[in-house]
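Chains as they are written, first to last, in the numbering used here: chain A, 1 to 313; chain B, 1 to 274.
Glycine included, C-beta positions come from ideal geometry on N, C-alpha and C.
Working notes for the structure below.
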């Protein structure tokens, strides 16, 4: 499902002392099949944006109210489409939309609630299906979801989700979202709070889901290394607007601008600019593997003359 | 004097269950900044909870500033050992910043004027004096954690334990916290025990220890510990990214030394090419 947003505005607590404009004219298209990254520091509007995608935040029925500065001519038209769902249309079937756009919040393990893993994962499935599912159907769907996130269903199904380890809990929580087979999966900081190894495992899992399960994966992340290693493209949010939408290899060429926005850049981008200062120009896509390859290629093309090759200095 | 001393301490959460901490011998000097590393479930948080008496050891003894931890002196000990936990949202009790900072000091029955002075001191120490009358709920995660640290500081503890206090923060918030504790350690001489799984944070410490399955398995200066890469990997600790890059470059025949500093690595690379 292709996601098209045009001229999105959103204000929290309008007409109150706490009025804050969270989105100011956001336009962004996410193609089907992408592994898309959303970057921005706290308060940049990124969470407000993703909450629009499955209708958790609805477009205001009267668009005028949300756009105080809107010009009289209505050439600025707010559009929000997720596949065939038109979110500006009040008659849209939001239940069907939410089934197609899975949302995994930050620390999803805090939302586990049922007595057994099977019940927890089955909850969304039962809620979203229009007809009553047989126990066999539920069992098959839950088994598939639990197994795709890398857990043993027969071992897990009757356990309480609360006696699992942190990493396992997070996997169960993700299984509970993907069990409805959403076409788009949105995850807010999926690796936050995990140890480095847990982070690696979660990112591997997301790639697996992207290959086998959900056509489009969107992650919100603070970790620029995570973005540069994993995403096809990334959007940078700042103060309610989208500043860049680029593939990592182009995005992180703007290291200075990103730093000025209070964002980090991947380590590889830092190294590229430090090397540039020393007169060494490396062009790479900012993944660790490509960076190393390009540096080694540069070294082969510009071998050190004074020192014997491989010798100690 | 030793700030914290564990002598052959063992602890398990359930009878017959696995030991979360096993025969642990570990001590922290007064004024020292020690980082405790370990993967999830290695026992590092248990260690924090034992050190201020939230948990009682099944075996062994714990001394804090020379006092043997026991039922009778728990409250006195806790005044000297402040703990900041992981989730900023779980640690605030009041709606206004200054009330939240005052909570601990009020509980121990300090005089009103003294509490005022302590709030001034604590908020200044964490760089939050401008937010004295702000609503806690409207602060960022990093700011909330700094308020939590201020609440601990208001009791003027000699020891602060940060139990993964940066895990839920964004990079900016994480830096704020690390800066604050480094300053408290250097300027106020407060003993700091920083529990983390970000290897980069441990770099600022005087000493790093690694826990695995409830045992202390590595110890040394942070650099010395990071140099033992193979060993870190066996304890399920991933190398910092820069370590991965150094490794790859060396595997490709480039003679770069291990470092954790991007500038040093850039210099090393520059020296290997013409």
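DSSP-derived helix/strand/coil call for residue i
i: residue 182/A; result: coil
i: residue 200/A; result: helix
i: residue 280/A; result: coil
i: residue 57/A; result: coil
i: residue 47/B; result: helix
i: residue 81/A; result: strand
i: residue 40/A; result: coil
i: residue 2/B; result: strand
i: residue 156/A; result: helix
i: residue 8/A; result: strand
i: residue 99/B; result: helix
i: residue 137/A; result: helix
i: residue 91/B; result: coil
i: residue 39/B; result: coil
i: residue 109/B; result: coil
i: residue 34/A; result: coil
i: residue 218/B; result: strand
i: residue 212/B; result: strand
i: residue 143/A; result: helix
i: residue 224/A; result: helix
Residue range of the alpha helix (DSSP H) that includes residue i
i: residue 25/B; result: Unbroken run through residue 25/B is the beta strand (DSSP E), 19 to 29; no alpha helix (DSSP H).
i: residue 126/A; result: 117 to 128
i: residue 76/B; result: 74 to 80
i: residue 182/B; result: 171 to 187
i: residue 298/A; result: 288 to 301
i: residue 201/B; result: 199 to 202
i: residue 237/A; result: Premise fails: residue 237/A lies in the beta strand (DSSP E), 233 to 238, not in any alpha helix (DSSP H).
Rounded straight-line distance, which links the Cα of residue j to that of residue i
i: residue 186/A; j: residue 50/B; result: 39 Å
i: residue 176/A; j: residue 279/A; result: 51 Å
i: residue 106/B; j: residue 115/B; result: 7 Å
i: residue 281/A; j: residue 258/A; result: 20 Å
i: residue 87/B; j: residue 261/A; result: 26 Å
i: residue 273/B; j: residue 298/A; result: 8 Å
i: residue 222/B; j: residue 96/B; result: 38 Å
i: residue 337/A; j: residue 167/A; result: Nothing in the structure corresponds to residue 337/A, since chain A is present only between 1 and 313.
i: residue 227/B; j: residue 233/B; result: 11 Å
i: residue 47/B; j: residue 253/B; result: 42 Å
i: residue 79/B; j: residue 268/B; result: 48 Å
i: residue 110/B; j: residue 103/B; result: 11 Å
i: residue 132/A; j: residue 150/A; result: 28 Å
i: residue 89/A; j: residue 14/A; result: 22 Å
i: residue 22/B; j: residue 67/B; result: 22 Å
i: residue 9/B; j: residue 286/A; result: 46 Å
Beta carbon of residue i nearer than 7 Å to that of residue j
i: residue 251/A; j: residue 235/A; result: no
i: residue 94/A; j: residue 218/A; result: no
i: residue 242/A; j: residue 182/A; result: no
i: residue 216/A; j: residue 34/A; result: yes
i: residue 267/A; j: residue 241/B; result: yes
i: residue 104/A; j: residue 174/A; result: yes
i: residue 31/B; j: residue 196/B; result: no
i: residue 225/B; j: residue 154/B; result: no
i: residue 208/B; j: residue 197/A; result: no
i: residue 91/A; j: residue 128/A; result: no
i: residue 142/B; j: residue 98/B; result: no
i: residue 4/A; j: residue 77/A; result: no
i: residue 266/B; j: residue 274/A; result: yes
i: residue 97/A; j: residue 55/A; result: yes
i: residue 247/A; j: residue 228/A; result: no
i: residue 132/B; j: residue 139/B; result: no
i: residue 223/A; j: residue 106/A; result: no
Unbroken beta strand (DSSP E) run spanning residue i, endpoints
i: residue 218/A; result: 216 to 220
i: residue 250/B; result: First-last for residue 250/B: 241 to 251, but that is the alpha helix (DSSP H), not the beta strand (DSSP E).
i: residue 142/B; result: Counting along the chain, residue 142/B falls outside any beta strand (DSSP E), though it belongs to the alpha helix (DSSP H) covering 141 to 153.
i: residue 274/B; result: Looking at the DSSP string, residue 274/B is not in any beta strand (DSSP E), and its letter there is neither H nor E.
i: residue 165/A; result: Where residue 165/A is concerned, there is no enclosing beta strand (DSSP E), given that its DSSP letter is neither H nor E.
i: residue 128/B; result: Residue 128/B -> no beta strand (DSSP E), and no H or E assigned at all.
i: residue 241/A; result: 241 to 246
Okay, do the stretch 202 to 212 of chain A and the stretch 126 to 146 of chain A touch, 3+ Cβ pairs below 8 Å being the bar? no
I'd like to know if the stretch 147 to 157 of chain B and the stretch 18 to 25 of chain B are in contact, where contact means that at least 3 CB-CB pairs between them fall below 8 Å. no
May I ask you to verify whether the stretch 190 to 202 of chain B touches the stretch 31 to 45 of chain B, counting CB pairs closer than 8 Å and requiring at least 3? yes
Quick check: the stretch 3 to 11 of chain B against the stretch 52 to 72 of chain B, are there 3 or more CB pairs under 8 Å? yes
Contact the stretch 240 to 247 of chain B vs the stretch 285 to 302 of chain A: 3+ CB pairs below 8 Å: yes
Does the count of Cβ pairs from the stretch 105 to 120 of chain A and the stretch 144 to 162 of chain A closer than 8 Å reach three? yes
Does the stretch 42 to 56 of chain B come within contact of the stretch 89 to 104 of chain B, defined as at least 3 CB pairs closer than 8 Å? no
Can at least three beta-carbon pairs, one atom from the stretch 18 to 30 of chain A and one from the stretch 42 to 52 of chain A, be found at a separation below 8 Å? yes
Is the number of C-beta pairs between the stretch 153 to 167 of chain B and the stretch 74 to 86 of chain B that are closer than 8 Å three or more? yes
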